[in-house]
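Report on the following structure.
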RNA sequence: GCGGGAGUAGCUCAAUUGGUAGAGCGUCAGCCUUCCAAGCUGAAUGUCGUGGGUUCGAGCCCCAUCUCCCGCUCCA
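Residue numbers (the working numbering): 4 to 521.
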């Protein structure tokens, strides 16, 4: 298979109205993207597919490891939460890695990554400290200089250099000492102010993940829905991260949409639920057409895991091979056993008991009921990127077939296709447009909930097919010379170009069947 | 943040030593057209990414800035 060109995919995305640069007429704004008409439909269809298969019909009826149907309830929480939420979650601390800038080389380093060569004796005698980064060219270079200055050298962290000696630190890529700035917090959360007065007491943050809203409302959901553990809470919504380097089209954006499940269970069952969700989520992406070697499930090493998941049963990523990551992969969804870290943190910070009383556990009592057990549930989190999903689908669906008169097409799954069908008269005369308009009106009435049905009478039939190919429309119905007498139309398949004749009264049935085959 | 490359019509790209901005495709209208971007006629669309500067004159030269792509870095 020839490697797909990201440039061509981006050109198509722009040309056909899938993705636009945000604020484009003002020169764009780094890390933000808008969806055009077709992109909006595609994104909505993917979100809707997730909603159907997670919330409305969880796992499409598959039983969980406990042998029961999977329980799931929906939630919709705010983008701006109480600032304490982010202290409890660790985002305020974790997001503010102090950074050090070099005034001379303009390089920026993580403060806790910077090491210095210092004399073994401890006294530099007015000579510089030689700062470096491990495994960077600066290491050998600085070591050589340090050894020349001091003889025996030792390594210490930059943070251990006394503040009054800061001016004698030679930056890793600098020629003169004293070029490094004080370490500065570099918060990846977007900051805003609540209330019109906008004082420092009114600081709030745009959420960097939707998950915390779920944890914070965990108790309310329990108290109002009669759900029992194990069960999940599902939410879709925007999140914001002030990324250092937005990159790769929409892949790393500063504003993005997540589709998250927080699945709550007893600690003893966490490992099997983790495996269940990992495999279920992988299969879900496959069911939408991301198949074969472009999609992998990758288990993280323990060292790779986030702070909240270090002790858990595991973390996996569903990863897709994008043209810009090839031969590597980029993350679509992370499935993590977050242990009971988050609920524990909120319990502590909010001073609220978030334990669940499980009446199905504990010793069996003489009357046949159980004593019950109170515990802080563990959480399995399948967290998917909606925008990344859309991008992966576009990349996977994009096909160039030079043997076709219109070489570019999007082989999108019918369930996800932004346009569900199109009706054309073969030519714009002989009564054909009247028949096609009628058929089109009928299909619109029947399918508007799923997506638009197009009708086009202009230009040649080939051009109209080509337009639908680029929009990813799976089926075109053409009224031709036989239609009036035989009451049949042709159906043209997007992926093969093959045609068959079906009765005009069977078109809706045909399309419904094709769209439901998923 | 560093290094490299690039910004001209919706898309892909031209424009000689600095001299009033073009093509193909697409779009729209009309004709034509009986199954795959066909043909004919016509039309619309650009502050040449943005802001300064040099010059009689700047798409082109200079400075700044923004955005995109690639490689590092980052991705809790």
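Glycine included, each C-beta is placed from N, C-alpha and C at the ideal position.
Beta-carbon proximity check, residue i vs residue j, cutoff 8 angstroms
| i | j | result |
| --- | --- | --- |
| residue 465 | residue 413 | no |
| residue 208 | residue 89 | yes |
| residue 2 | residue 174 | A question about residue 2 goes unanswered here, because the residues of the chain that appear run from 4 up to 521. |
| residue 263 | residue 386 | yes |
| residue 335 | residue 346 | no |
| residue 522 | residue 119 | Any answer about residue 522 is impossible in this case: the structure gives the chain only from 4 up to 521. |
| residue 234 | residue 267 | yes |
| residue 401 | residue 15 | yes |
| residue 217 | residue 265 | yes |
| residue 384 | residue 341 | yes |
| residue 61 | residue 238 | no |
| residue 252 | residue 394 | yes |
| residue 19 | residue 473 | yes |
| residue 79 | residue 232 | no |
| residue 354 | residue 364 | no |
| residue 396 | residue 12 | no |
| residue 44 | residue 333 | no |
Sequence-distant residues of its chain with Cβ nearer than 6 angstroms to residue i (five each side left out)
| i | result |
| --- | --- |
| residue 37 | 23, 25 |
| residue 331 | none |
| residue 48 | 419 |
| residue 149 | 120, 133, 156 |
| residue 5 | At residue 5, the pLDDT of 47 sits below 50, so the modelled position is not reliable; the number obtained from the coordinates is stated separately. Result list for residue 5: empty, nothing under 6 angstroms. |
| residue 112 | 103 |
| residue 404 | 410 |
| residue 277 | 316, 317, 340, 383 |
Cβ-based burial, residue i [other Cβ within 10 Å; buried from 16]
| i | result |
| --- | --- |
| residue 319 | buried |
| residue 325 | buried |
| residue 92 | buried |
| residue 418 | buried |
| residue 441 | exposed |
| residue 46 | buried |
| residue 343 | buried |
| residue 29 | exposed |
| residue 463 | exposed |
| residue 499 | exposed |
| residue 482 | buried |
| residue 10 | exposed |
| residue 525 | Outside the displayed span of the chain (4 to 521) sits residue 525, for which this structure offers no information. |
| residue 399 | buried |
| residue 281 | buried |
| residue 375 | exposed |
| residue 244 | buried |
| residue 452 | exposed |
| residue 8 | exposed |
| residue 359 | buried |
| residue 501 | exposed |
| residue 390 | buried |
| residue 312 | buried |
For residue i: DSSP bridge partner residues
| i | result |
| --- | --- |
| residue 242 | 259 |
| residue 327 | Partner(s): none; residue 327 has no beta bridge. |
| residue 424 | 456 |
| residue 235 | 75, 266 |
| residue 334 | 322 |
| residue 402 | 412 |
| residue 479 | 425, 495 |
| residue 503 | 494 |
| residue 373 | 367 |
| residue 36 | 24 |
Residue i beta carbon near the ligand GDP (any heavy atom closer than 7 angstroms)
| i | result |
| --- | --- |
| residue 421 | With respect to small molecules bound, the structure shown includes none, and the ligand GDP cannot be examined in it. |
Rounded Cβ spacing between residue i and residue j (contact assumed at less than 8 angstroms)
| i | j | result |
| --- | --- | --- |
| residue 94 | residue 211 | 6 angstroms |
| residue 279 | residue 297 | Going by Cβ atoms, the distance from residue 279 to residue 297 rounds to 24 angstroms, so no, they are not a contact pair. |
| residue 156 | residue 122 | 6 angstroms |
| residue 269 | residue 416 | No, residue 269 and residue 416 are not in contact; Cβ-Cβ is about 36 angstroms, not under 8 angstroms. |
| residue 468 | residue 517 | Residue 468 to residue 517, Cβ: 17 angstroms. No contact. |
| residue 206 | residue 84 | 12 angstroms between Cβ atoms; not a contact. |
| residue 63 | residue 56 | 6 angstroms |
| residue 74 | residue 230 | 6 angstroms |
Contact set for residue i: own chain, Cβ-Cβ below 8 angstroms, skip 5 residues either direction
| i | result |
| --- | --- |
| residue 456 | 422, 423, 424, 425, 426, 443, 446, 447, 450 |
| residue 171 | 127, 129, 130, 131, 132, 180, 181 |
| residue 460 | 427, 428, 431, 436, 439 |
Contact set for residue i: own chain, Cβ-Cβ below 7 angstroms, skip 5 residues either direction
| i | result |
| --- | --- |
| residue 249 | 33, 34, 255, 256, 257 |
| residue 505 | 491, 492, 494, 513 |
| residue 314 | 342 |
| residue 511 | 445, 446, 449 |
| residue 300 | 281, 285, 319, 321 |
| residue 31 | 24, 25 |
| residue 507 | 442, 486, 490, 491, 492 |
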